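Chemist: I'd like to ask you about the structure that follows.
Protein chains: 2
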Amino acid sequence: MSRQLDESLVMSLPPFAGLARAQVRAILDEAAPHRHGAGTTIFAEGASAMQFFLLLDGHVRAQRITANGEQVILHQIPPGELFGIAKALGLDAYPATAVAVSESIVLAWPMRLWDDFMARHDGFARQTFRTVGQRMHDKNDRIMEMATQQVEQRISNALLRLVNQSGRKTSIGIEIDFPITRQDLSEMSGTTLHTVSRVLSAWEKSGIVQSERKKITVVQPHQLVLLAQPQK
Amino acid sequence: MSRQLDESLVMSLPPFAGLARAQVRAILDEAAPHRHGAGTTIFAEGASAMQFFLLLDGHVRAQRITANGEQVILHQIPPGELFGIAKALGLDAYPATAVAVSESIVLAWPMRLWDDFMARHDGFARQTFRTVGQRMHDKNDRIMEMATQQVEQRISNALLRLVNQSGRKTSIGIEIDFPITRQDLSEMSGTTLHTVSRVLSAWEKSGIVQSERKKITVVQPHQLVLLAQPQK
DNA sequence: ATCCAACGTTGCTCCAGATCAAACTCAGCG
DNA sequence: CGCTGAGTTTGATCTGGAGCAACGTTGGAT
Chain L
8 MSRQLDESLV MSLPPFAGLA RAQVRAILDE AAPHRHGAGT TIFAEGASAM
58 QFFLLLDGHV RAQRITANGE QVILHQIPPG ELFGIAKALG LDAYPATAVA
108 VSESIVLAWP MRLWDDFMAR HDGFARQTFR TVGQRMHDKN DRIMEMATQQ
158 VEQRISNALL RLVNQSGRKT SIGIEIDFPI TRQDLSEMSG TTLHTVSRVL
208 SAWEKSGIVQ SERKKITVVQ PHQLVLLAQP QK
Chain B
8 MSRQLDESLV MSLPPFAGLA RAQVRAILDE AAPHRHGAGT TIFAEGASAM
58 QFFLLLDGHV RAQRITANGE QVILHQIPPG ELFGIAKALG LDAYPATAVA
108 VSESIVLAWP MRLWDDFMAR HDGFARQTFR TVGQRMHDKN DRIMEMATQQ
158 VEQRISNALL RLVNQSGRKT SIGIEIDFPI TRQDLSEMSG TTLHTVSRVL
208 SAWEKSGIVQ SERKKITVVQ PHQLVLLAQP QK
């Protein structure tokens, strides 16, 4: 908190792209940096939205619990993205719980600065709209998948989304660069960890993916894309 | 198009609430009113977003088609709401197809006025955020339902959403005030028209709903709410 | 008045995937 | 270094609801 943040940290990120160094300086001076360990809750569903956030490093997921106690992962936030932006949705409380998936570095601003940011920096506003639009699009895709596709398709789509968002190229393929369990994947695709395990085993056998405990590497992305296609 | 629109038409609607009559006059002078017969497409998915719309009367639904040719209803727009607001999502093309469910009256503005509207009328901006937030919330709910609930729950939830949005009180209960088929309901809840038909028949037998061709009346809303609860 | 297409119902069969059960693997901790 | 609990695998069984088929109903077109 005492250490001063470097402007270059955020100047290249979409929300602040194109701002002068002095502007970025002013923005950073209002931000509180935080470190969240893996598994830590950053804010809870229903809590009054006092702050909005920028994920500098790590991975954060938005999730909710059903009346039953079942968890559903609604969205996964990649580094460089804004989150907790309740104001952009006309809300006063967070609509979901945000949890750090892996060790994460986050900047937090008091929500009272929101309107000011939106009005003063039109790049910030534009990027916010784009982010919201992107999320809406993802959710629409997911609804369509869950309404029409088989489990295997849904799992491929969920995995492809993660690859596109957080894939890291390695020698054998593209690796999801944060810890992910079968259970997580099942909560993203509306199935059970058992089914995910079976499907991944089958894929491993046919050489499409390679996986260890909490780690998945997609070896043949193209095959996965084919599997994700609605087939019938 | 030649007949002048009356200010009172829109002054009470959320997006324009609190504006002076003269301001509303100016806004209306830029609007093109349109009538769309039931079943008509207002704009198609992927088309360049040249206009944004306000639904004055009728019902419009946002839908998409899968690669398979299966249709999914993503959202239903009630009278008084803005739609086709691609700019609010940072998009240049409409993300879904908009179809009039029943005879609908719509105001259309050229999209170039969007930024101006957002900047000049903060009630308009606020209402836009709220609408987007509401839709996001609906989609999250739907994702959670489809991930965790049984068909009967999902159908009840879909029906309840329609009741809340477009229910009209009658002597026997609350009627959905636009034509709706079993097929429609199945496209809203990710199931088949056969299953919807069976479920509705069962509900009719137990007195929860009453239905005719293209018409559904919820007789015991409370029972429906109970059914919608995740149970197990 | 008749026809036809859209809409709705219902029985039967079948299977994808949930559920139940049990065992295995491994990372981290005392 | 052995223990424990989280994560994973795999088999066996069961079932919700899709798919298929056939028929019934109704409102609007001609």
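From first to last, the protein sequence lines stand for chains L and B.
The first sequence begins at 8 in our numbering and counts up one residue at a time.
The second sequence begins at 8 in our numbering and counts up one residue at a time.
Quick reminder that beta carbons are idealized off the backbone N, C-alpha and C, glycines included.
The structure presented is a predicted model; accordingly, all values stated were derived computationally and were not measured.
Thinking C-beta only, is residue 234 (chain B) closer than 8 Å to residue 159 (chain B)?
Modeler: Taking 8 Å as the Cβ cut-off, residue 159 (chain B) and residue 234 (chain B) qualify as a contacting pair.
Chemist: Could you say which of L:77, L:37 and L:71 lies nearest to residue 60 (chain L) if we only look at CA atoms?
Modeler: Among L:77, L:37 and L:71, the Cα nearest to that of residue 60 (chain L) belongs to L:37.
Chemist: Measuring only the C-alpha atoms, how far is residue 230 (chain L) from residue 223 (chain L)?
Modeler: Going by the C-alpha atoms only, they are around 15 Å apart.
Chemist: Compute the Euclidean distance between the alpha carbons of residue 71 (chain B) and residue 78 (chain B), then round it to the nearest angstrom.
Modeler: So the two alpha carbons sit approximately 6 Å from each other.
Chemist: Rounding to the nearest angstrom, what Cα-Cα distance links residue 155 (chain B) and residue 218 (chain L) in this structure?
Modeler: Their backbone Cα atoms lie some 26 Å apart in a straight line.
Chemist: So, helix, strand or coil for residue 85 (chain L), using DSSP?
Modeler: Three-state DSSP puts residue 85 (chain L) in coil, outside helix and strand.
Chemist: Does the beta carbon of residue 8 (chain L) sit closer than 8 Å to a beta carbon anywhere in chain B?
Modeler: Low confidence applies here, because residue 8 (chain L) scores a pLDDT of 46, under 50, leaving its location unreliable; read the following figure in that light. So, not an interface residue.
Chemist: Closest to residue 74 (chain L) by C-alpha separation, out of B:69, B:134, B:118 and B:152, would be which residue?
Modeler: The candidate whose alpha carbon is nearest that of residue 74 (chain L) is B:152.
Chemist: With residue 101 (chain B) and residue 93 (chain B) assumed to form a contact (beta carbons below 8 Å), what rounded beta-carbon distance in angstroms separates them?
Modeler: Indeed they touch by this definition, with Cβ atoms about 6 Å apart.
Chemist: To which residues of the same chain is residue 5 (chain B) closer than 8 Å at the C-beta, ignoring the five residues directly before and after it?
Modeler: Outside the shown range of chain B, which is 8 to 239, sits residue 5 (chain B), and nothing can be said about it.
Chemist: Since residue 4 (chain B) contacts residue 91 (chain B) with CB under 8 Å, what's their CB separation in whole angstroms?
Modeler: Outside the shown range of chain B, which is 8 to 239, sits residue 4 (chain B), and nothing can be said about it.
Chemist: Kindly indicate which residue of L:16, L:23, L:12 and L:13 has the alpha-carbon position closest to the one of residue 134 (chain L).
Modeler: Of L:16, L:23, L:12 and L:13, the residue nearest in Cα terms is L:23.
Chemist: How many Å lie between residue 149 (chain L) and residue 179 (chain B) at the Cα?
Modeler: Each residue's Cα considered, the two are about 37 Å apart.
Chemist: Which partner residues does residue 71 (chain B) have in the DSSP bridge list?
Modeler: Paired residues: B:79.
Chemist: To be precise: take each residue of the segment 98 to 129 of chain B, compare its Cβ to all Cβ atoms of chain L, and keep it if any distance is under 8 Å. Which residues remain?
Modeler: Under the 8 Å Cβ criterion, the segment 98 to 129 of chain B contributes 98, 102 and 103.
Chemist: Compare the C-beta of residue 164 (chain L) with all C-beta atoms of chain B and state if any pair is closer than 8 Å.
Modeler: Residue 164 (chain L) does not count as touching chain B.
Chemist: In angstroms, rounded to a whole number, what distance separates the CA positions of residue 201 (chain L) and residue 195 (chain L)?
Modeler: Residue 201 (chain L) and residue 195 (chain L): Cα-Cα distance of roughly 14 Å.
Chemist: Find the nearest neighbour of residue 120 (chain B) within the set B:131, B:111, B:186 and B:42, judged by alpha-carbon distance.
Modeler: When only C-alpha atoms are compared, the closest one is B:131.
Chemist: According to a CB-to-CB cut-off of less than 7 Å, which residues of the segment 61 to 94 of chain L neighbour chain B?
Modeler: Of all residues in the segment 61 to 94 of chain L, 71, 73, 74, 75, 77, 79 and 81 have a Cβ within less than 7 Å of some Cβ in chain B.
Chemist: Can you tell which of L:69, L:32 and L:34 has the C-alpha that lies nearest to the C-alpha of residue 48 (chain L)?
Modeler: Among L:69, L:32 and L:34, the Cα nearest to that of residue 48 (chain L) belongs to L:69.
Chemist: Name the DSSP beta bridge partners of residue 212 (chain B), please?
Modeler: None; residue 212 (chain B) has no bridge partner.
Chemist: Excluding sequence positions up to five away, which residues of its chain have a Cβ less than 8 Å from the Cβ of residue 282 (chain L)?
Modeler: Given that chain L is displayed from residue 8 to residue 239, the structure contains no residue 282 (chain L) and the question cannot be resolved.
Chemist: Would you kindly work out how many angstroms separate the C-alpha atoms of residue 46 (chain B) and residue 168 (chain L), rounded to a whole number?
Modeler: Near 34 Å, if we compare the C-alpha coordinates of residue 168 (chain L) and residue 46 (chain B).
Chemist: Helix or strand or just coil, what does DSSP make of residue 117 (chain B)?
Modeler: Strand at residue 117 (chain B).
Chemist: Note down, in chain order, every chain B residue with its Cβ under 7 Å from the Cβ of residue 144 (chain L).
Modeler: In chain order: 102.
Chemist: Pick helix, strand or coil for residue 91 (chain B), following the three-state DSSP scheme.
Modeler: Looking at residue 91 (chain B) - three-state DSSP - the assignment turns out to be coil, as it is neither helix nor strand.
Chemist: State the start and end residues of the unbroken beta strand (DSSP E) segment that holds residue 226 (chain L).
Modeler: First-last for residue 226 (chain L): undefined, no H or E at that position.
Chemist: Who are the Cβ neighbours of residue 199 (chain L) in its own chain at under 8 Å, not counting the five residues just before and after it?
Modeler: Answer for residue 199 (chain L): 193, listed in chain order.
Chemist: Classify residue 178 (chain B) as helix, strand or coil using the three-state DSSP reduction.
Modeler: Residue state, collapsed to three classes: coil.
Chemist: Return the bridge partner residues of residue 61 (chain L) from the DSSP annotation.
Modeler: Per DSSP, L:89 and L:114.
Chemist: Mind checking if residue 147 (chain B) is an interface residue toward chain L, Cβ cutoff 8 Å exclusive?
Modeler: By this cut-off, residue 147 (chain B) is an interface position.
Chemist: Residue 20 (chain B) and residue 76 (chain B): beta carbons closer than 8 Å?
Modeler: No.
Chemist: Of the choices B:125, B:127 and B:80, whose alpha-carbon is the least far from that of residue 104 (chain B)?
Modeler: Of B:125, B:127 and B:80, the residue nearest in Cα terms is B:80.
Chemist: What does the alpha-carbon distance come out to for the pair residue 8 (chain L) and residue 39 (chain L)?
Modeler: Because residue 8 (chain L) sits at a pLDDT of 46, beneath the cut-off of 50, its placement in the model cannot be relied upon, and the point is left open.
Chemist: Taking C-beta to C-beta, are residue 44 (chain L) and residue 110 (chain L) nearer than 8 Å?
Modeler: Yes. Within cutoff.
Chemist: Whose CA, out of B:138, B:89, B:136 and B:95, lies closest to the CA of residue 113 (chain B)?
Modeler: Measuring from the Cα of residue 113 (chain B), the nearest candidate turns out to be B:89.
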